[in-house]
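In what follows, a structure is listed as structure tokens, so that the remarks can point back to it.
Number of protein chains: 2
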Amino acid sequence: MVAAVIDAKVKVAVTAAGNPALYTSRFKDAGIKVIHLVAAVRHAQSAEKRGVDAVIAEGYEAGGHNGLDELTTLTLVPQVVDAVAIPVVAAGGIADVRGIVAALALGADGVQIGTRFIATRECAAHQNFKEAIVKASDTDTVITGRKLGPTRILKNEIATKILEMEASGASIEELVAFIGSSRSRTGQFEGDLANGQAYCGSIAGMIKEIKSVSEIFQSITDNYDSVLARLK
Amino acid sequence: MVAAVIDAKVKVAVTAAGNPALYTSRFKDAGIKVIHLVAAVRHAQSAEKRGVDAVIAEGYEAGGHNGLDELTTLTLVPQVVDAVAIPVVAAGGIADVRGIVAALALGADGVQIGTRFIATRECAAHQNFKEAIVKASDTDTVITGRKLGPTRILKNEIATKILEMEASGASIEELVAFIGSSRSRTGQFEGDLANGQAYCGSIAGMIKEIKSVSEIFQSITDNYDSVLARLK
Numbered sequence: 137m138v139a140a141v142i143d144a145k146v147k148v149a150v151t152a153a154g155n156p157a158l159y160t161s162r163f164k165d166a167g168i169k170v171i172h173l174v175a176a177v178r179h180a181q182s183a184e185k186r187g188v189d190a191v192i193a194e195g196y197e198a199g200g201h202n203g204l205d206e207l208t209t210l211t212l213v214p215q216v217v218d219a220v221a222i223p224v225v226a227a228g229g230i231a232d233v234r235g236i237v238a239a240l241a242l243g244a245d246g247v248q249i250g251t252r253f254i255a256t257r258e259c260a261a262h263q264n265f266k267e268a269i270v271k272a273s274d275t276d277t278v279i280t281g282r283k284l285g286p287t288r289i290l291k292n293e294i295a296t297k298i299l300e301m302e303a304s305g306a307s308i309e310e311l312v313a314f315i316g317s318s319r320s321r322t323g324q325f326e327g328d329l330a331n332g333q334a335y336c337g338s339i340a341g342m343i344k345e346i347k348s349v350s351e352i353f354q355s356i357t358d359n360y361d362s363v364l365a366r367l368k
Numbered sequence: 137m138v139a140a141v142i143d144a145k146v147k148v149a150v151t152a153a154g155n156p157a158l159y160t161s162r163f164k165d166a167g168i169k170v171i172h173l174v175a176a177v178r179h180a181q182s183a184e185k186r187g188v189d190a191v192i193a194e195g196y197e198a199g200g201h202n203g204l205d206e207l208t209t210l211t212l213v214p215q216v217v218d219a220v221a222i223p224v225v226a227a228g229g230i231a232d233v234r235g236i237v238a239a240l241a242l243g244a245d246g247v248q249i250g251t252r253f254i255a256t257r258e259c260a261a262h263q264n265f266k267e268a269i270v271k272a273s274d275t276d277t278v279i280t281g282r283k284l285g286p287t288r289i290l291k292n293e294i295a296t297k298i299l300e301m302e303a304s305g306a307s308i309e310e311l312v313a314f315i316g317s318s319r320s321r322t323g324q325f326e327g328d329l330a331n332g333q334a335y336c337g338s339i340a341g342m343i344k345e346i347k348s349v350s351e352i353f354q355s356i357t358d359n360y361d362s363v364l365a366r367l368k
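The listed protein sequences derive, respectively, from chains A and B. Following the numbering used here, the numbering of the first sequence begins with 137 at its first residue and continues without gaps. Following the numbering used here, the numbering of the second sequence begins with 137 at its first residue and continues without gaps.
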């Protein structure tokens, strides 16, 4: 995959969930910018030392795979900003202009927005997944897999079953056998939310309708100044 | 205690960790303002219905007792702001002016700052506790008691022991017997951090020195405009 990315002259590679020493220099040697995702200050410092161009500091509220240290975006971002000299992108829990201004106030140079863009007309996710995000309340996501690798997903029967298995002391092997490798495809792309998982940020409760990408950007630029105005 | 508060003509009562129906009308009838602490949108709506004057929306990063739904300050505050008409105070993960501006950008009308004010010369906490906050890194707090009532504390031997008991399936009775009722006094006020617990927010990693309360306020007012300047 790394070779294919280099071959295709991709301009920016985002790496995550692993050691930045593995691929950074290969990408950099090929003239590709590297942004590494981090969930704690020590990861950010390590990534900077390995020569990445920027880090994404992703908090506990983010959907999908999550750091072991459970630092939230509000606590993680300013500490990463203070610890590294490279640009910091804030991620996790951001779905509208208020979250963007908050992230910039914390010192972030940019933001990464996930769940809000799943519930767009353009996204390849299944319609059922998009509608489940719109229906979700503030408390409708949960962290599963604390033993395997924490993953924030929409609450559904599968999430409940995984949590029950964890509470009753299921082994890692039993959990892996139950979850398998295709449940996120089943949920997110095939739309079977009874048998599949759907990675989802805890900000889903704030997302009330499926929009187009351009509507989301328009709303951000239209409302930025009014958020700033209330800060004066 | 409620009678004593009314008798002493306290002006504002902050209630938490329970049903706002219990005491709100007694306080209100005595002319006391009531602020109720909430950790999810439904709690905020319920508190508003019971007539409280404001809510504190406290996220997962906060020290001490914590909500069951694990909503972070970044995700909780704007959703509470959208759900109620009364003022909203943001709490959890705020220790400097950047966090204050972020909370206000999310729509909060004010902030509650805890851990930062423990590490002040004026605070009644034991010097050992204050120094432990200053020494803490970004990853030095942890949620214990997920079964009993989640509580964020500084990582120490007691925290490790509680987590081990939880992981090995200890009963609630066993956990209560081990934790007892005085470990937070032992840690926080007697300064015995080997045998006591210390409630602590996950923003402790950003707190680098013990200050006076006035220095903290001065730093906030001195730096507010420079945070706003970078948002333009």
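Glycine is no exception: its CB is placed at the ideal position from the N, C-alpha and C atoms.
In the same chain as V247(B), and ignoring 5 residues on each side of it, the C-beta atoms closer than 6 angstroms to its own belong to A226, I230, I236 and A239, in chain order. Counting along the chain, T160(A) sits inside the alpha helix (DSSP H) bounded by residues T160 to D165.
Around the CB of Q263(B), fewer than 16 other CB atoms lie within 10 Å, so the residue is classed as exposed. Look at A231(A) here: in three-state DSSP terms it is coil, with no helix or strand label. In this chain, the beta strand (DSSP E) harbouring K169(B) covers K169 to V174.
Comparing C-alpha distances from D232(A) to each of K291(A), R252(A) and A183(A) shows the shortest one belongs to R252(A). Counting of Cβ neighbours within 10 angstroms places L329(A) among the buried residues, the total reaching 16 or more.
Not one beta carbon of chain B lies nearer than 8 angstroms to the beta carbon of R321(A). Per DSSP, reduced to three states, the secondary structure at L207(B) is coil, with no helix or strand assignment. Among the residues of the stretch 338–361 of chain B, those with a Cβ less than 7 angstroms away from any Cβ of chain A are S338, I339, G341 and M342, in the order of the chain.
Note that the stretch 276–292 of chain A does not touch the stretch 345–356 of chain A; fewer than 3 beta-carbon pairs, one per stretch, sit closer than 8 angstroms. Contact annotation: the stretch 333–341 of chain B touches the stretch 284–296 of chain B, with at least three C-beta pairs closer than 8 angstroms.
With respect to the C-alpha of T209(B), the residue from A221(B), V174(B) and A219(B) having the closest C-alpha is V174(B). Residue contact with chain A for Q215(B): present (Cβ-Cβ distance below 8 angstroms to some residue of chain A). S350(A) and R257(A) have their C-alpha atoms spaced approximately 10 angstroms apart. In chain order, T208, L210 and T211 make up the part of chain A whose C-beta sits under 7 angstroms from the C-beta of E197(B).
Note on the stretch 268–347 of chain B: whole alpha helix (DSSP H) runs with a minimum of 4 residues are 293–303, 308–315 and 319–324, in chain order.
Here A219(A) carries a helix assignment [DSSP, helix/strand/coil]. Within chain A, no residue has its CB atom less than 8 angstroms from the CB of R186(B), the nearest being about 19 angstroms off. Pairing I222(B) with V170(B) gives a Cβ-Cβ distance that is not under 8 angstroms. Under the DSSP definition of a beta bridge, E197(A) lacks any partner.
By the Cβ criterion, the stretch 186–206 of chain A is not in contact with the stretch 175–184 of chain B, since fewer than three pairs of Cβ atoms, one from each stretch, lie closer than 8 angstroms. Interface residue (Cβ-Cβ distance to chain A less than 8 angstroms): A176(B) is classified as such. Under the criterion of beta carbons closer than 8 angstroms, I168(B) and V146(B) qualify as touching, at roughly 6 angstroms. Neighbourhood of G229(A) in chain B, by CB distance below 7 angstroms: T208, L210 and T211, in chain order. Rounded to the nearest angstrom, the gap between the Cα atoms of A306(A) and L299(A) is 10 angstroms. Taking the beta carbon of G200(B) as reference, no residue of chain A falls within 8 angstroms; the closest one sits roughly 15 angstroms away.
One thing to note: A340(B) has its Cβ within 8 angstroms of the Cβ of I269(B).
Shown here, A241(A) sits in a helix according to DSSP, grouped into three states. The beta carbon of L311(A) sits no closer than 8 angstroms to any beta carbon of chain B. Not a single C-beta of chain B is nearer than 8 angstroms to the C-beta of A306(A).
V220(A) is the residue among M137(A), V220(A) and L204(A) whose C-alpha sits nearest the C-alpha of A244(A).
Annotation: Cβ neighbours of V363(A) in chain B (cutoff 7 angstroms, chain order): A241. Annotation for G200(A): T287, R288 and Y335 place their beta carbon closer than 7 angstroms to its own, counting only its chain and skipping 5 residues before and after. Secondary structure at A183(B): helix, using DSSP grouped into helix, strand and coil. For R366(A), a Cβ of chain B is located within less than 8 angstroms of the residue's own Cβ.
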